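This report concerns only the one structure given below.
Number of protein chains: 2
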Amino acid sequence: MKIIVDAMGGDKAPEVVVSGAASAAREYRVNIELVGIPEQIEPLLKRHKNSKDLISVYPATEVIQMSEPAALSIRKKRNSSICLGLNLIKEGKGDAFFSAGNTGAVVCASSLSLGMLPGTERPGIAIVVPTLKGISLIIDVGANIDPKPMHLLKYGLMAEAYLCHIFNRYQPSVGLLSIGEEASKGTDFVRETHRLLSESRLNFIGNIEGKDLFSGRCDIILCDGFVGNVALKVSESLAETVYTFFKRHLKGSFLGMIGAAFLGASFTRFKKQMDYSEYGGAVLLGVNGVVIIGHGRSNELAVKNAIGRAKEEIEHKVNERIVEAISQIGG
Amino acid sequence: MKIIVDAMGGDKAPEVVVSGAASAAREYRVNIELVGIPEQIEPLLKRHKNSKDLISVYPATEVIQMSEPAALSIRKKRNSSICLGLNLIKEGKGDAFFSAGNTGAVVCASSLSLGMLPGTERPGIAIVVPTLKGISLIIDVGANIDPKPMHLLKYGLMAEAYLCHIFNRYQPSVGLLSIGEEASKGTDFVRETHRLLSESRLNFIGNIEGKDLFSGRCDIILCDGFVGNVALKVSESLAETVYTFFKRHLKGSFLGMIGAAFLGASFTRFKKQMDYSEYGGAVLLGVNGVVIIGHGRSNELAVKNAIGRAKEEIEHKVNERIVEAISQIGG
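Line order of the protein sequences matches chains Z and X. Position 168, counted from 1, in the first sequence is what this note's numbering calls 168; the numbers after and before it change by one each time, with no gaps. Start counting at 1 in the second sequence, then tack on 331, and there's your number in this note's numbering.
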């Protein structure tokens with residue numbers, strides 16, 4: 001098994017990507033091809049001699065920056081690590097692609113290079129989030145900002161296959177993100193999607209609200225990519241804001257500072273549970289290949305876990321399960 | 332000045348509404364008319380004898396429940412506290428209306444009873460949220476889930492007038508909630524709104540992302556009511572989730588428990604800063620009258636602060652300022 005890794009993607013690339021890839025190669029015993037500027041990658045690789053046999057470098061001459069417009073950048077930079085990495089997958093020279101780079105560019109290039117799975121029209125980004133009861137999967141968090149109701153039904157089937165085979169959840173419950181629980185609540189798009197989901201074989205529990213996103217009320221949360229992206233970014237930043245507020249208040253009092261001194265271990269465990277990097281990045285479902293997208297701020301652990309997640313997705317043949325599930329719609 | 336208060340609205344009505352109204356009457360020296368079932372209100376009022384001269388009761392025979400469909404409920408229950416309360420405003424028998432009841436019903440009934448301010452087509456719910464730098468105002472958080480770009484421009488002008496006169500912010504900065512900072516990011520609706528805002532006289536800083544909602548990056552955050560509602564509910568629940576996670580982790584260790592024992596005061600101050608009830612509820616802007624909507628979970632403090640906010644809005648003639656601002660569009 002070979003995982004193709006965009007060595008140039010992410011705020012702390014290539015350093016953390018190379019380190020994370022080296023850890024993953026050792027821990028999961030997978031081959032890794034790092035795609036990027038050799039002059040930048042090779043000196044970093046020397047620090048990881050015990051992963052040497054498992055890692056190779058594939059040269060790219062261009063890098064797509066985080067802020068570049070997605071469609072334009074992949075047309076202009078055909079020799080970028082993202083475009084070349086996905087070409088390797090297309091040519092059968094790798095089994096999965098990971099990038100913590102420009103999400104829009106990865107989504108566009110994946111759709112164009114790999115094409116869609118039979119029966120799917122649009123890819124969706126699925127992300128695992130921690131909840132009070134364990135984890136939930138939210139799809140879509142930004143690939144498809146103006147979807148049709150049928151796309152959300154298919155996201156539901158994709159997410160079900162994913163959760164079933166990667167997290168062992170049989171018949172996971174599915175909720176539709178809206179602004180009230182009644183079927184009549186929400187935009188025309190949400191109401192029509194509600195109807196489609198109700199008629200499907202999914203374990204659909206109806207509309208859920210923003211407050212249910214982290215309550216663990218359902219296993220899968222469906223939404224359009226615009227709302228999902230906003231909700232995800234609000235929650236990422238709010239967790240940090242709450243943290244900052246709290247630390248500020250602790251520092252404001254003598255007793256608080258004494259208290260804080262005792263809290264080290266609890267803080268660390270708490271942060272670990274809230275940390276997206278523990279859960280292995282976001283998964284681009286619907287494309288004809290295994291593609292994992294890391295957060296731009298991915299650290300070494302996040303890169304390692306994302307590669308581990310890619311390996312599981314390949315081993316469990318999640319894409320084959322998705323094609324089966326989608327072929328049965330209306331059948 | 333007389334504030335009309337829906338005594339029956341909210342999860343803990345009428346108890347907390349009556350207590351909050353009594354506190355507000357004493358603190359702000361305003362007259363209050365409590366609209367609701369007299370048999371339920373009057374025994375509670377006996378506990379607040381020192382507010383007696385400032386509070387009267389206006390009988391209603393019906394109550395709109397939190398879960399009832401908005402439009403239907405106000406058609407069917409014309410003798411509800413919400414409908415009768417707003418009629419009092421319409422007839423000039425009160426200067427502002429407060430309810431912590433069914434938000435949809437309050438929005439519908441306000442629009443129908445009071446009509447819109449000259450030049451406005453749709454009301455928007457504005458809510459003040461705490462940020463790392465102070466406060467920001469988000470509009471719309473649920474009144475208008477399928478707005479036109481022009482509605483958002485008008486929300487911007489309404490919010491500007493509000494922040495300027497209530498919070499003394501001159502030329503507050505305005506951001507448009509999207510999924511990327513570039514003008515090209517987002518749905519067609521967001522892009523067209525971006526263009527309108529760029530051409531307006533507002534202090535428009537461009538698109539902002541979900542992560543900026545609590546960063547204090549801009550004073551006013553514009554969004555459609557669907558996205559705003561989801562974002563608000565996600566953030567309310569996430570603050571609680573972070574809290575619960577954290578407490579769970581503290582309880583999991585001996586040192587954590589010792590630490591927690593020292594944290595009482597810091598926790599309390601932290602919660603106070605994060606607490607929406609401190610900021611006096613949401614404001615329904617655009618209708619021809621002063622309407623404040625409380626959270627369903629409003630406590631006595633939230634009710635009192637919301638009534639104080641209503642008083643300020645009347646005193647500063649915010650609606651006159653809004654009409655002036657909107658009359659100048661394109662002028």
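For each residue, glycine too, the CB sits at the ideal point set by N, CA and C. Keep in mind the model is a prediction, meaning the values are calculated, not measured.
ask   = Is the CB of Asn650 (chain X) under 8 Å away from at least one CB in chain Z?
value = The count along the second sequence starts at 1 and reaches residue 650 (chain X) at position 319. Not an interface residue.
query = Can you give the Cα-Cα distance for His316 (chain Z) and Ile138 (chain Z), rounded to whole angstroms?
reply = Along the first sequence, read from residue 1 onward, the residue named residue 316 (chain Z) stands at position 316. Along the first sequence, read from residue 1 onward, the residue named residue 138 (chain Z) stands at position 138. Each residue's Cα considered, the two are about 20 Å apart.
Check whether Ile510 (chain X) and Phe226 (chain Z) have beta carbons under 8 Å apart = Taking the second sequence and counting its residues from 1, one reaches residue 510 (chain X) at position 179. Taking the first sequence and counting its residues from 1, one reaches residue 226 (chain Z) at position 226. Cβ atoms of Ile510 (chain X) and Phe226 (chain Z): closer than 8 Å.
task = Find out if the Cβ-Cβ distance for the pair Leu508 (chain X), Ile539 (chain X) is shorter than 8 Å.
result = In the second sequence, counting from the first residue as 1, residue 508 (chain X) sits at position 177. In the second sequence, counting from the first residue as 1, residue 539 (chain X) sits at position 208. Result yes, Cβ atoms of Leu508 (chain X) and Ile539 (chain X) sit closer than 8 Å.
key: Bridge partners - Leu152 (chain Z), DSSP secondary structure assignment   = As a working note, residue 152 (chain Z) is residue 152 in the first sequence. In the DSSP output, where bridge partners are listed per residue, Leu152 (chain Z) has none listed.
ask   = DSSP puts Ser658 (chain X) in a beta bridge; with which residues?
value = Numbered from its first residue, the second sequence carries residue 658 (chain X) at position 327. Note: Ser658 (chain X) sits in no beta bridge, so no partner.
request  = Would you check if there are 3 or more beta carbon pairs closer than 8 Å linking the segment 188-202 of chain Z to the segment 447-462 of chain X?
outcome  = The answer is no - the segment 447-462 of chain X does not touch the segment 188-202 of chain Z, with fewer than three Cβ pairs under 8 Å.
request  = Measure the alpha-carbon distance for Val621 (chain X) versus Phe214 (chain Z) and round it to whole angstroms.
outcome  = In the second sequence, the residue the question calls residue 621 (chain X) occupies position 290. In the first sequence, the residue the question calls residue 214 (chain Z) occupies position 214. Separation of Val621 (chain X) and Phe214 (chain Z) (C-alpha to C-alpha, rounded to the nearest whole angstrom) is 35 Å.
ask   = For Leu615 (chain X), which residues does DSSP report across the bridge?
value = Taking the second sequence and counting its residues from 1, the one referred to as residue 615 (chain X) is at position 284. In DSSP, Leu615 (chain X) forms a bridge with X:Ile456, X:Val622.
message = Counting only C-beta atoms, is Lys211 (chain Z) closer than 8 Å to chain X at any point?
response = Sequence index remark: in the first sequence, residue 211 (chain Z) carries index 211 (1-based). Lys211 (chain Z) has a beta carbon lying within less than 8 Å of a beta carbon in chain X.
message = Going by DSSP in three states, Met118 (chain Z) sits in which element: helix, strand or coil?
response = As a working mapping, residue 118 (chain Z) is identified with position 118 in the first sequence. Correcting the residue identity first, residue 118 (chain Z) is Pro in this sequence and not Met. DSSP places Pro118 (chain Z) in coil when its eight states are reduced to three.
query = Among X:Met339, X:Val347, X:Ala436, which one has its Cα closest to the Cα of Ala391 (chain X)?
reply = As a position in the second sequence, residue 391 (chain X) is number 60, starting the count at 1. Among X:Met339, X:Val347, X:Ala436, the Cα nearest to that of Ala391 (chain X) is on X:Met339.
key: Partner residues on chain X for Val242 (chain Z), Cβ-Cβ distance less than 8 Å   = Numbered from its first residue, the first sequence carries residue 242 (chain Z) at position 242. Per Cβ cutoff of 8 Å: Leu569, Ala570, Val573, Tyr574, Met605.
ask   = Using the beta-carbon count (16 or more within 10 Å), is Gly423 (chain X) buried or exposed?
value = Residue 423 (chain X) sits at position 92 when you count from the first residue of the second sequence. With fewer than 16 Cβ atoms within 10 Å of its Cβ, Gly423 (chain X) is classed as exposed.
Distance, Met1 (chain Z) Cα to Pro38 (chain Z) Cα = Counting from one through the first sequence, the residue named residue 38 (chain Z) turns up at place 38. Counting from one through the first sequence, the residue named residue 1 (chain Z) turns up at place 1. Looking at the two C-alpha atoms, the distance is approximately 22 Å.
request  = Compare the C-beta of Ser515 (chain X) against all C-beta atoms of chain Z and say whether one is closer than 8 Å.
outcome  = Numbered from 1 along the second sequence, position 184 holds the residue referred to as residue 515 (chain X). So, interface residue.
key: Three-way DSSP call (helix, strand, coil) for Leu34 (chain Z) in this model   = Locating residue 34 (chain Z) in the first sequence gives position 34, where the first residue counts as 1. Leu34 (chain Z): strand per DSSP, three-state reduction.
key: First and last residue of the uninterrupted beta strand (DSSP E) at Tyr389 (chain X)   = Residue mapping note: residue 389 (chain X) aligns to position 58 of the second sequence, counting from 1. Going by DSSP, Tyr389 (chain X) is part of the beta strand (DSSP E) stretching over 386-390.
request  = Enumerate, from N- to C-terminal direction, the unbroken alpha helix (DSSP H) stretches of 4 or more residues contained entirely within the segment 463-515 of chain X.
outcome  = Runs found: 480-497.
ask   = Would you call the segment 167-174 of chain Z and the segment 215-225 of chain Z in contact, with 3 or more CB pairs under 8 Å?
value = Judged by Cβ distances under 8 Å, the segment 167-174 of chain Z makes contact with the segment 215-225 of chain Z, as three or more pairs qualify.
inquiry  = Quick check: the segment 352-364 of chain X against the segment 649-662 of chain X, are at least 3 beta-carbon pairs closer than 8 Å?
reply    = In this structure the segment 649-662 of chain X does not touch the segment 352-364 of chain X; the number of beta carbon pairs closer than 8 Å is below three.
request  = Consider the Cβ of Ile292 (chain Z): report whether some Cβ of chain X lies at a distance smaller than 8 Å.
outcome  = If you number the first sequence from 1, residue 292 (chain Z) lands on position 292. Ile292 (chain Z) has a beta carbon lying at 8 Å or more from every beta carbon in chain X.
query = What residues in its chain sit with their C-beta under 7 Å from that of Leu163 (chain Z), if we drop five residues either side in the sequence?
reply = Residue numbering aside, residue 163 (chain Z) sits at position 163 when the first sequence is read from its first letter. Within the same chain, Leu137, Arg169, Pro172, Asp219, Ile220 come within 7 Å of Leu163 (chain Z) by CB-CB distance, once the 5 residues on both sides are set aside.
message = Using C-beta distances below 6 Å, list every residue in its chain close to Ala637 (chain X), excluding the 5 sequence neighbours before and after it, in chain order.
response = Taking the first residue of the second sequence as 1, we reach residue 637 (chain X) at position 306. Excluding residues within five positions, the ones whose Cβ falls inside 6 Å are Phe429, Gly611, Gly612, Ile623, Gly625.
key: Chain-ordered residues of the segment 447-477 of chain X with a beta carbon less than 7 Å from chain Z   = Those residues of the segment 447-477 of chain X that come within reach of chain Z (Cβ to Cβ, closer than 7 Å) are Leu463, Gly473, Ile476, Asp477.
task = Whole angstroms is fine: what's the gap from Ser19 (chain Z)'s alpha carbon to Gly308 (chain Z)'s?
result = Numbered from 1 along the first sequence, position 19 holds the residue referred to as residue 19 (chain Z). Numbered from 1 along the first sequence, position 308 holds the residue referred to as residue 308 (chain Z). For Ser19 (chain Z) and Gly308 (chain Z), the distance between alpha carbons rounds to 14 Å.
request  = Give me whichever residues DSSP pairs with Ile391 (chain Z) in a beta bridge.
outcome  = Not covered by the structure: residue 391 (chain Z). The range shown for chain Z is 1 to 331.
query = Which residue's Cα is closest to the Cα of Ser382 (chain X): X:Ala355, X:Val437, X:Glu513?
reply = The residue you call residue 382 (chain X) lines up with position 51 of the second sequence. Looking at the Cα atoms, X:Ala355 is the closest of the given residues.
inquiry  = Which same chain residues end up closer than 6 Å to Leu616 (chain X) when comparing Cβ atoms and leaving out the 5 residues on each side of it in sequence?
reply    = Taking the second sequence and counting its residues from 1, the one referred to as residue 616 (chain X) is at position 285. So the qualifying residues of the chain are Gly455, Ala457, Met489.
query = Going by Cα to Cα distance, which pick from X:Thr575, X:Lys564, X:Leu484, X:Asn418 is closest to Asn534 (chain X)?
reply = As a working note, residue 534 (chain X) is residue 203 in the second sequence. Measuring from the Cα of Asn534 (chain X), the nearest candidate turns out to be X:Leu484.
query = Excluding the five sequence neighbours on either side, which residues of its own chain have a C-beta within less than 7 Å of the C-beta of Ser80 (chain Z), listed in chain order?
reply = Working through the first sequence from its first residue, we reach residue 80 (chain Z) at position 80. Counting only Cβ-Cβ distances below 7 Å, and skipping sequence neighbours, we find Ala60, Glu62, Val63, Ile64.
Spatial neighbours of Gly662 (chain X) in its chain, beta-carbon cut-off 6 Å, leaving aside the 5 residues before and after = Indexing the second sequence from 1 puts residue 662 (chain X) at position 331. Note on Gly662 (chain X): pLDDT 44, under 50, position unreliable in the model; the coordinate value appears next. Beyond the five residues adjoining it in sequence on each side, Gly662 (chain X) comes within less than 6 Å, by CB distance, of no other residue in the same chain.
key: Classification of Glu644 (chain X) by the beta-carbon crowding that lies within 10 angstroms, buried from 16 upward   = Here the question's residue 644 (chain X) lines up with position 313 in the second sequence. When all chains shown are included, Glu644 (chain X) counts as buried.
query = Ala562 (chain X) versus chain Z: which residues are under 8 Å apart at the beta carbon?
reply = Here residue 562 (chain X) refers to the residue found at position 231 when the second sequence is read from its first residue. Listed by position along chain Z, the residues whose Cβ is nearer than 8 Å to that of Ala562 (chain X) are Gly210, Val230, Ala231, Val234.
ask   = To which residues does DSSP link Leu45 (chain Z) through a beta bridge?
value = One-based indexing of the first sequence puts residue 45 (chain Z) at position 45. BP columns for Leu45 (chain Z) are empty, so no partner.
request  = Please classify Asn410 (chain X): does DSSP put it in a helix, a strand, or coil?
outcome  = Residue numbering aside, residue 410 (chain X) sits at position 79 when the second sequence is read from its first letter. Asn410 (chain X): coil per DSSP, three-state reduction.
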